[in-house]
Structure formats: structure tokens, C-alpha cells
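A.B. asks: Residue numbers (the working numbering): 68 to 331.
In this text, a Cβ means the ideal position worked out from N, Cα and C, and glycines have one as well.
Handing you a structure now.
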């Protein structure tokens, strides 16, 4: 039986995740607290993994109750704690020094800064998919793959690439319920340079993308609509959430049930 195994939130976009036992769907359609903050430059452009591998070399832990973040550099022991509100200037100064630019910290204030602003719902992947992708690369662990692809909802009790069942044709999404909340799967998520980099050091693997594309095409289930893949550097599923479902909560252990296709 399909079951929600893990919920990951990324309080500061592009930085480390936290895992939580439950999460509410916010008014934007994203999970509450996911990518609430985003690092930008003075011009408002994101400072993220697409822009610089220096993002990967920051380790963070986030206390949601206190709204505090602890930041240190990979391999270092010198950790700094910041209250996001009271210590905003000190945090921004730390980030500016790390990135070598005039950084800012934007606050969506109850909203989110998703990668896909049209499909702002949580992203979905299966545990078996993560393990399958890890097996394509010698020495790569499932946790390393999780951090490369950065999904919100992880489902177990299903085979690898099960989440591709949440993609309909170009005019339809696939409705599925997690506990009492219904989401709509829309398309397989297009990947950028980020998964090709080690999530802890930022070191890029020059063959990661090529290997991924080859193995993804080889392992694509025969029931998949290949017209939804203009290329095979796609993994996990983007979703949307109707306004009526927002405010609902999903929890680890919830059953996951596919309802069927619906017109977008």
C-alpha cells in the first residue's frame, strides 16, 4: 500500500531540508514553511544552486518554533545561530561574505518561493525511485540522491518510478489523495544543473547528467506517455492544489491513493 514516508521542507530556498511529521498546505498551495525565505542579491535575483555551487557548501539546521537558523560551512565546526527576525542584518552579512556579493533574505510571509510558480504544490517522489537512481552511480547513497533532487513528499510501498503514474496527458492531471488532502499531479519535473553537483561540496560530476538520461530512458515504465518527456533529465512530479484543499494537513503514515485523471 502506498504510504507517505517522509515530508521534507526547505525553510530557506536552496539550503538544507528539515523533515517533519506533518505539514499544512498553505494558501499558496505549497506546504506551509516550505521555501518561505529566499536568498537574493541586491537586484532581487535568486542566489541559488543554479547560480553558484557555493550554496552547497553551507550546512543549516532550522528551528521552526523559534524561527532560528544555525549555519556553518561544510567541514567546519564554527556554527552561527541567527534569529531570522532579530538577527536579519547579521545573517545577511554572513551570507554576503560567503557568496561575495550584497545578499538579501526575502520573506514570502506565509507564501513560498517555489521553483515552478505555476505549479506551486509539493513535489512527489517514491523511496524506490530514490534508491534506483542511487544504484546508477557507484558509491552514491539514497540520502545523497534525496539532497540532489529535493522533493517534498516521499512515498513508499510502491515500485520505482511509481510517481510517473501521477502524470496525465497534456490536457489532464492525475488526482491523488494523501490522507484527506487531494493534489493533482501535472508533469515530470525538469531538472537543472543542481542534481549533477555533490549536495555537500558543490563539486560537479561531468557524467552525472549523461548517465541519468541514459538510465532514465532505459528504465522508463512502458505505460508512461513519452510525449510528456521532451528530454529525460526529469524526475519527481510537480503538483497543484485547488483552493478548497488548502489548509488541509498531510502526515507521515498517511495512505496515498490515486483517484484518476481530471481535465486541467
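Count the other CB atoms, across all protein chains shown, that sit within 10 Å of the CB of residue 342; report buried if there are 16 or more and exposed otherwise.
C.D. replies: A query on residue 342 cannot be resolved here, the shown segment of the chain reaching from 68 to 331 and no further.
A.B. asks: Relative to the C-alpha of residue 126, which residue among 274, 315, 214 and 292 is closest?
C.D. replies: By 1-based counting over the chain shown, the position of residue 126 is 59. The candidate whose alpha carbon is nearest that of residue 126 is 214.
A.B. asks: Hey, how far is the Cα of residue 250 from the Cα of residue 225?
C.D. replies: Within the chain shown, residue 250 is the residue found at index 183, counting from 1. Within the chain shown, residue 225 is the residue found at index 158, counting from 1. Residue 250 and residue 225: Cα-Cα distance of roughly 18 Å.
A.B. asks: Does residue 273 pass the burial test, meaning 16 or more other C-beta atoms within 10 Å, or should it be called exposed?
C.D. replies: By one-based count along the chain shown, residue 273 stands at place 206. Exposed: under 16 other Cβ atoms inside 10 Å.
A.B. asks: In angstroms, rounded to a whole number, what distance separates the CA positions of residue 240 and residue 324?
C.D. replies: Numbered from 1 along the chain shown, position 173 holds the residue referred to as residue 240. Numbered from 1 along the chain shown, position 257 holds the residue referred to as residue 324. Going by the C-alpha atoms only, they are around 14 Å apart.
A.B. asks: Counting C-beta neighbours from all protein chains within 10 Å, is the total for residue 256 16 or more, i.e. buried, or is it exposed?
C.D. replies: Residue mapping note: residue 256 aligns to position 189 of the chain shown, counting from 1. Buried, because 16 or more other Cβ atoms sit within 10 Å of the Cβ of residue 256.
A.B. asks: In angstroms, rounded to a whole number, what distance separates the CA positions of residue 286 and residue 116?
C.D. replies: The residue given as residue 286 occupies position 219 in the chain shown. The residue given as residue 116 occupies position 49 in the chain shown. Roughly 28 Å separates the two Cα atoms.
A.B. asks: For residue 267, verify whether its CB is less than 7 Å away from any heavy atom of the ligand SAH.
C.D. replies: With respect to small molecules bound, the structure shown includes none, and the ligand SAH cannot be examined in it.
A.B. asks: For residue 179, tell me which candidate among 281, 101 and 92 has the shortest Cα-Cα distance.
C.D. replies: In the chain shown, residue 179 corresponds to position 112, counting from 1. Looking at the Cα atoms, 101 is the closest of the given residues.
A.B. asks: Under the rule that 16 or more other beta-carbon atoms within 10 Å means buried, what is residue 236, buried or exposed?
C.D. replies: Mapped onto the chain shown, residue 236 falls at position 169. Residue 236 comes out exposed.
A.B. asks: Residue range of the beta strand (DSSP E) that residue 76 falls in?
C.D. replies: Here residue 76 refers to the residue found at position 9 of the chain shown. Here the beta strand (DSSP E) through residue 76 covers 70 to 76.
A.B. asks: Contact between the region 171 to 189 and the region 289 to 302 is defined here as three or more beta-carbon pairs at a separation below 8 Å; is this criterion met?
C.D. replies: As far as the Cβ criterion goes, the region 171 to 189 does not touch the region 289 to 302, which means the pair count is below three.
A.B. asks: Quick one: is residue 161 near chain C, going by C-beta distance under 8 Å?
C.D. replies: Of the protein chains in the structure, only one exists, and it is not chain C.
A.B. asks: How many angstroms separate the CA atom of residue 83 from the CA atom of residue 77?
C.D. replies: Start at 1 with the first residue of the chain shown, and residue 83 comes out as number 16. Start at 1 with the first residue of the chain shown, and residue 77 comes out as number 10. Using only the alpha carbons, I get a separation of about 6 Å.
A.B. asks: Check whether the region 195 to 204 and the region 306 to 318 touch, using three or more Cβ-Cβ pairs below 8 Å as the test.
C.D. replies: The region 195 to 204, when compared against the region 306 to 318, does not touch it at the 8 Å Cβ threshold.
A.B. asks: Can you tell me the Cα-Cα spacing of residue 246 and residue 169, whole angstroms?
C.D. replies: Mapped onto the chain shown, residue 246 falls at position 179. Mapped onto the chain shown, residue 169 falls at position 102. Cα to Cα, residue 246 sits roughly 43 Å from residue 169.
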